[in-house]
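Residue numbers (my numbering): 2 to 114. Where is the CB? At the ideal position from N, CA and C, for every residue including glycine.
Structural data, given as structure tokens:
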């Protein structure tokens with residue numbers, strides 16, 4: 002069994018939640034999202050991020066606005082819609098339940114002394 006594949010699948014399962022968590026904190030430019038993910042040791046490539054942002058936008062969870070840049074083409078900044086906020090709350094509750102369950106299952110039992 003390939004551990005790299007298992008690790009990759011675990012990360013993919015939380016990417017959407019992590020990206021929405023970053024955008025929930027305030028309007029975000031994709032390279033800022035990539036940087037915050039790297040800081041958290043969850044590397045993500047542009048080729049993974051952009052399709053995910055497009056999917057979230059098409060689902061009306063995100064919106065964006067163009068901002069002119071003095072050093073190149075206009076930049077697309079993403080923010081969460083009201084529908085996205087509601088979706089995020091459900092994801093957050095799901096994550097908390099899952100994290101608590103995994104924590105409970107992976108704890109070493111206390112020895113009976």
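In terms of Cα proximity to residue 13, the closest of 72, 43, 87 is 43. Here the alpha carbons of residue 8 and residue 88 stand approximately 25 angstroms from one another. In terms of Cβ geometry, residue 63 and residue 80 form a close pair [threshold 9 angstroms]. As the crow flies, the alpha-carbon of residue 27 is around 15 angstroms from that of residue 36.
Residue 17 places its beta carbon 9 angstroms or farther from that of residue 99. By the Cβ-count criterion, residue 73 is exposed, with fewer than 16 other Cβ atoms from all chains shown falling within 10 Å of its own Cβ. Close CB contacts of residue 70 within its chain, under the 7 angstroms cut and outside five residues either way in sequence, are with 76 (chain order).
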